[in-house]
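For reference, the structure discussed in these notes is given below.
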Amino acid sequence: MRILLSNDDGVYAEGIHFLAKTLADAGHELLVSAPARERSASGHSMTMHKLVTLEEIDKKFILGNYRAYACSGMPTDSVSLACDVLGFCPELVVSGINRGPNVAGDVTYSGTVCAAMEGLVFGATSAALSLNVVSKKETAHYETAALFMEKFIGFLRENTEEKPQLYNINVPNLPYGEIKGTRITRLGTRLYEDRVEVIERNGKEYYWIGGRIEDRFEEGTDVTALRDGCISVTPLKMDMTDYERLKKMKITSL
Numbered sequence: 012m013r014i015l016l017s018n019d020d021g022v023y024a025e026g027i028h029f030l031a032k033t034l035a036d037a038g039h040e041l042l043v044s045a046p047a048r049e050r051s052a053s054g055h056s057m058t059m060h061k062l063v064t065l066e067e068i069d070k071k072f073i074l075g076n077y078r079a080y081a082c083s084g085m086p087t088d089s090v091s092l093a094c095d096v097l098g099f100c101p102e103l104v105v106s107g108i109n110r111g112p113n114v115a116g117d118v119t120y121s122g123t124v125c126a127a128m129e130g131l132v133f134g135a136t137s138a139a140l141s142l143n144v145v146s147k148k149e150t151a152h153y154e155t156a157a158l159f160m161e162k163f164i165g166f167l168r169e170n171t172e173e174k175p176q177l178y179n180i181n182v183p184n185l186p187y188g189e190i191k192g193t194r195i196t197r198l199g200t201r202l203y204e205d206r207v208e209v210i211e212r213n214g215k216e217y218y219w220i221g222g223r224i225e226d227r228f229e230e231g232t233d234v235t236a237l238r239d240g241c242i243s244v245t246p247l248k249m250d251m252t253d254y255e256r257l258k259k260m261k262i263t264s265l
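In this text, residue positions in the sequence shown follow our numbering: the first is 12, and each later residue adds one.
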């Protein structure tokens with residue numbers, strides 16, 4: 012397949028090049044276009060009214076037979092410029108492998124997921140691929156996510172849809188042989204306790220946004236699949252219309 016890879020961890024991140032080498036070695040035609048630096052939690056933001064650059068990176072940073080470009084803008088810009096400027100027309104866009112999960116409502120903040128969304132805008136089936144690494148000290152099993160993506164590409168080939176599709180994939184950070192299975196899931200619920208911490212320095216008040224994660228482990232959700240050691244595959248769509256509410260509002264006079 013003709014595959015475009017992007018991410019929000021930056022073009023020099025280990026995950027994207029591990030995936031690129033795996034897919035290139037499998038015979039796929041690849042192009043990497045990703046932000047020049049980390050752009051986590053950038054959502055679907057696009058650089059406007061500011062010049063953006065796109066530069067090919069030195070081959071010493073590349074692990075296989077593919078080209079890679081660094082974009083000075085956001086993940087969305089990286090996908091857009093690969094298609095509009097470089098003229099690369101992908102059959103599939105994959106964003107990742109992200110170091111850390113993208114589950115539940117976090118998909119709206121995620122640059123990883125939104126880079127995949129931009130692929131959908133350009134008419135390509137797209138997938139966000141994340142590895143559930145929760146600490147900096149933890150060894151990341153990128154090979155597990157890469158192997159699953161190879162398998163998932165096979166699934167896409169055998170189940171071609173008329174319209175391009177969008178998938179959010181989260182992989183437990185385990186050796187491939189320890190994965191308990193794959194579940195087709197819906198987005199779960201992830202809350203953040205003590206979301207904003209107030210910090211005082213030199214008489215000035217600052218705010219640290221983060222918080223302690225509190226997941227609701229409901230049946231059929233992505234957060235529950237990860238807890239159980241299973242890969243989560245969640246089909247997404249960009250149409251956020253509430254159709255049930257739309258029906259009710261149509262029969263109500265305002």
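Where a beta carbon is used, it is the ideal one built from N, C-alpha and C, also for glycine.
In the DSSP assignment, N179 forms a beta bridge with A139 and T245.
In the displayed model, K147 falls within coil according to three-state DSSP, outside both helix and strand. The continuous beta strand (DSSP E) containing G107 extends over residues L103 to R110. Residue pairing of I14 in beta bridges, as defined by DSSP: L41 and L103. Per the C-alpha coordinates, the member of D226, L103 and G134 positioned closest to F163 is L103.
Taken through DSSP and simplified to helix, strand or coil, P46 comes out as strand.
Counting the other CB atoms within 10 Å of its CB gives E129 a total of 16 or more, which places it among the buried residues.
DSSP lists S243 as the beta-bridge partner residues of R194. With contact defined as three or more Cβ pairs closer than 8 Å, the stretch 127–145 and the stretch 58–70 are not in contact. Taking 8 Å as the cut-off, the beta carbon of I190 is found no closer than this to the beta carbon of A157.
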